[in-house]
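Chains as they are written, first to last, in my numbering: chain A, 38 to 451; chain B, 1274 to 1591.
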């Protein structure tokens, strides 16, 4: 009897100690993205932006709740959906409740499915999935679920903003659409065709083409077709070296009109374009870097570049992911009850450092924000990319882009 | 018509670039009987070295110095790596070059990082040389053509008209006899390996600014170089040239013209199914030539191997 009381007392003591340790424990966020292989530069640059955002926006301000810090735990998924699921399982086994991922919608589909299943089967250790860059529209439409939140504008919203600008540019009469041959490239092309058709029926689409992703050595033949089609503008969703090589080839072979892109900045692309991309490359993105939105934005970028001299703030939405997650955890009063955190994130309004207000649309978990169309240039650049002197300067702004865009999402809420 | 001329020139540029890579590889193969998997990595090294040198001394010094450094590196690899592995047979040699390719890629990433390098065309050549029906031919392309043709002629001259060339050719076929005649055959091998890798280096130097300099550039070109020398016939310089040009033109024309499988199939008498979305052959019907342009050389290789296993100009089985 005596012995068992002693044992019980010890257990209570151990439990309370354990609870104390848990209170001070960090809020861990799993970063699942490519950190090796051909897309490693995008992944590792994203990781430094996360680490900096967690430090500057949360930890330096005293953390969340009663002093819990954010900790980014990197997992290398080699941009493979299969590898991502393994890493997700490892992250869950380590007790991590928040997953961030962005590169490749293929990976995003695999993760969102796996997390949905996991959360249904394991109500005690559910996970939230914060998607910061995978922009396949399906993720917030047919394939949406309560656990997935998207912080970048989806491909349709971006195209909507882009075509708004093209609509007001009367000198564009012929458009050439070219993209990588997979779900995202096809989604961009389909959106471009339907939206241009609706907004500017007089525009002729002189080319609509897909090329193999990551396999084309020389884009010259494509560039020839674009030039000889007489196109006034090119639209492409290309990224990585496909973006750079296509753009360079098109410019070298005599194209002078605008090339509207989704991803032609940072990761060495801006530096490699240099002078040749000036007046040609346009970029649709969220978050305004040049001119800086505010002193706060300028200070943030300066501090980042002081810490990572070779890095770029080329995904400013990462500050929203971290900032909004911290706000939601504080509002929910718990970092472990992800249902409460998810509910707090839904319909949250938040002040983006690099933009105005942003709004997490509750019906599909798509963040609604201002979109910017910028030009690649060396004039009026406060913050360049790749230390090249060149950067993206905002030319047009679309307020709260896609606020009333339709969604087919029918979400089951826990 | 004008566009055909433009595409011929574009294909020529692609083909000649491929030739500079495959010439070295095919020589090395006929010498050592082993495929050098790291060959395209030397091409990548050429581009990175030239970029680094061009930062300080300008593009032209890069063009001169970088291939020499690459060639010396190649010779050292042969002398202290391959030659030691050689005695254990072909498989260890293959594995050695394969490992070397991975190693070079990692080292490049370690030193220069994973980003694209801003290695660009020199100012002097950054203009439009001529324009055909609104299609600009950049001066740099003309420069690429002349450089590669000059290298081909020089190589051909050395191999067929000089004493050194004779010894090399003899050493390729009958190394023991040549050795018995008092020539230093291992030195010849080292020299050929060095020159072969230096050629790959030159290709890297002049291709870097147009095809962009990044850690994946070796992988992108790696497999197509092997296809070229198999089509041309292993060990044949002329074969490498013809196969390179053939591949250059095939891929360029396939990309430039939208030939649709639908037209070909209906042309030879097939009926297009009305309900396409449910059809088993849907993918076949919707193929266009730009989509499969980069696979065509592999198809050609399979055909060549079936019809003529020793390649177009080869003298022995692949």
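For each residue, glycine too, the CB sits at the ideal point set by N, CA and C. Model, not experiment: these values are computed from the prediction.
Ends of the beta strand (DSSP E) at residue 176 of chain A?
Unbroken run through residue 176 of chain A: none, as it is neither H nor E.
Under 7 Å between the Cβ atoms of residue 65 of chain A and residue 116 of chain A?
No, the pair does not count as a contact, with Cβ atoms beyond the cut-off.
Please classify residue 1548 of chain B as buried or exposed, where buried requires at least 16 other C-beta atoms within 10 Å of its C-beta.
So residue 1548 of chain B ends up on the exposed side.
When the Cβ atoms of the segment 1345–1355 of chain B are set against those of the segment 1503–1523 of chain B, are three or more pairs found closer than 8 Å?
No contact exists between the segment 1345–1355 of chain B and the segment 1503–1523 of chain B.
Grab the span of the alpha helix (DSSP H) containing residue 1382 of chain B for me, first residue to last.
Segment 1363–1385, the alpha helix (DSSP H) holding residue 1382 of chain B.
Output the distance between the C-alpha atoms of residue 1562 of chain B and residue 71 of chain A, rounded to the nearest integer angstrom.
Rounded to whole angstroms, residue 1562 of chain B to residue 71 of chain A spans 32 Å at the Cα level.
Quick one: which residues of the segment 206–231 of chain A get their C-beta closer than 7 Å to a C-beta of chain B? List them in chain order.
For the segment 206–231 of chain A, which is checked against every Cβ of chain B, the residues closer than 7 Å are 218.
What residue range is occupied by the uninterrupted beta strand (DSSP E) comprising residue 273 of chain A?
Start and end: 270–273.
Examine chain B for any beta-carbon lying closer than 7 Å to the beta-carbon of residue 157 of chain A, and answer yes or no.
Closer than 7 Å: no.
In chain B, which residues lie less than 7 Å from residue 257 of chain A when you measure between Cβ atoms?
Result: 1283.
When DSSP labels each residue in this structure, what does residue 432 of chain A get in the three-state scheme?
DSSP places residue 432 of chain A in strand when its eight states are reduced to three.
Are any of the Cβ atoms in chain B nearer than 7 Å to that of residue 141 of chain A?
Chain B contact via Cβ: absent.
If you measure from the beta carbon of residue 369 of chain A to each beta carbon in chain B, is any gap under 7 Å?
So, not an interface residue.
Compare the C-beta of residue 1411 of chain B with all C-beta atoms of chain A and state if any pair is closer than 7 Å.
Closer than 7 Å to some Cβ of chain A, the Cβ of residue 1411 of chain B qualifies, so yes.
Determine, using beta carbons only, whether residue 1432 of chain B comes closer than 7 Å to chain A.
False, the Cβ-Cβ gap to chain A never drops below 7 Å.
According to a CB-to-CB cut-off of less than 7 Å, which residues of the segment 286–299 of chain A neighbour chain B?
Those residues of the segment 286–299 of chain A that come within reach of chain B (Cβ to Cβ, closer than 7 Å) are 289, 290, 291.
Going by CA-CA distance only, name the one from B:1325, B:1429, B:1546 that's closest to residue 1392 of chain B.
Among B:1325, B:1429, B:1546, the Cα nearest to that of residue 1392 of chain B is on B:1325.
Along chain B, in chain order, which residues have C-beta atoms closer than 8 Å to that of residue 249 of chain A?
Neighbours of residue 249 of chain A on chain B, chain order: 1564, 1567.
So which residues on chain A does residue 1276 of chain B lean against when the C-beta distance must stay under 8 Å?
Going along chain A in sequence order, the residues near residue 1276 of chain B (Cβ under 8 Å) are 261, 265.
Residues of chain B with CB closer than 9 Å to the CB of residue 253 of chain A, please, in chain order.
Those within 9 Å of residue 253 of chain A in chain B are 1493, 1528, 1566, 1567.
Let me check understanding here. Comparing Cα to Cα, which of A:96, A:164, A:210 lies closest to residue 104 of chain A?
Per the Cα distances, A:96.
Count the CB pairs spanning the segment 182–202 of chain A and the segment 306–323 of chain A that are closer than 8 Å, and state whether there are at least three.
Cβ pair count under 8 Å is three or more, so yes.
From the DSSP output, in three-state form, read off residue 96 of chain A for me.
Helix.
Since residue 247 of chain A sits in a beta bridge, which residues does DSSP pair it with?
DSSP lists A:216 as partners of residue 247 of chain A.
So, at 7 Å on beta carbons, what are the nonlocal neighbours of residue 58 of chain A in its own chain, with the 5 sequence-adjacent residues on each side left out?
Bear in mind that a pLDDT of 43 at residue 58 of chain A, under 50, signals an unreliable position, so the number given afterwards is only what the model happens to contain. So no residue of the chain qualifies.
Is it buried or exposed, residue 333 of chain A, if we count other Cβ atoms within 10 angstroms and call 16 or more buried?
Classification of residue 333 of chain A: exposed, given that the 10 Å Cβ count is below 16.
Would residue 229 of chain A pass as a contact of residue 280 of chain A if the rule is Cβ separation under 7 Å?
No; because the gap between Cβ atoms is not below 7 Å, this pair is not in contact.
On the criterion of 16 or more Cβ atoms from any shown chain inside 10 Å, does residue 1540 of chain B qualify as buried, or is it exposed?
So residue 1540 of chain B ends up on the exposed side.
Quick check: what's the CA-CA separation for residue 1430 of chain B versus residue 1296 of chain B?
C-alpha separation (whole angstroms): 14 Å.
Quick one, are the C-beta atoms of residue 269 of chain A and residue 294 of chain A less than 7 Å apart?
Yes; because the gap between Cβ atoms is below 7 Å, this pair is in contact.
So, helix, strand or coil for residue 437 of chain A, using DSSP?
Here residue 437 of chain A sits in coil by DSSP.
If you reduce the DSSP assignment to three classes, tell me which class residue 358 of chain A lands in.
Here residue 358 of chain A sits in helix by DSSP.
Taking 8 Å as the cut-off, does the segment 140–150 of chain A touch the segment 169–184 of chain A (at least 3 CB pairs, one atom from each stretch)?
Short answer: they touch.
Please report the straight-line C-alpha distance between residue 1396 of chain B and residue 1482 of chain B, rounded to a whole angstrom.
About 12 Å.
By DSSP, does residue 237 of chain A sit in helix, in strand, or in coil?
Residue 237 of chain A: coil per DSSP, three-state reduction.
Leaving out five residues on either side along the sequence, give the residues of the same chain with a beta carbon under 8 Å from the beta carbon of residue 430 of chain A.
Closer than 8 Å at the Cβ level, and outside the excluded window around residue 430 of chain A, lie 327, 328, 411, 412, 414, 416, 417, 418.
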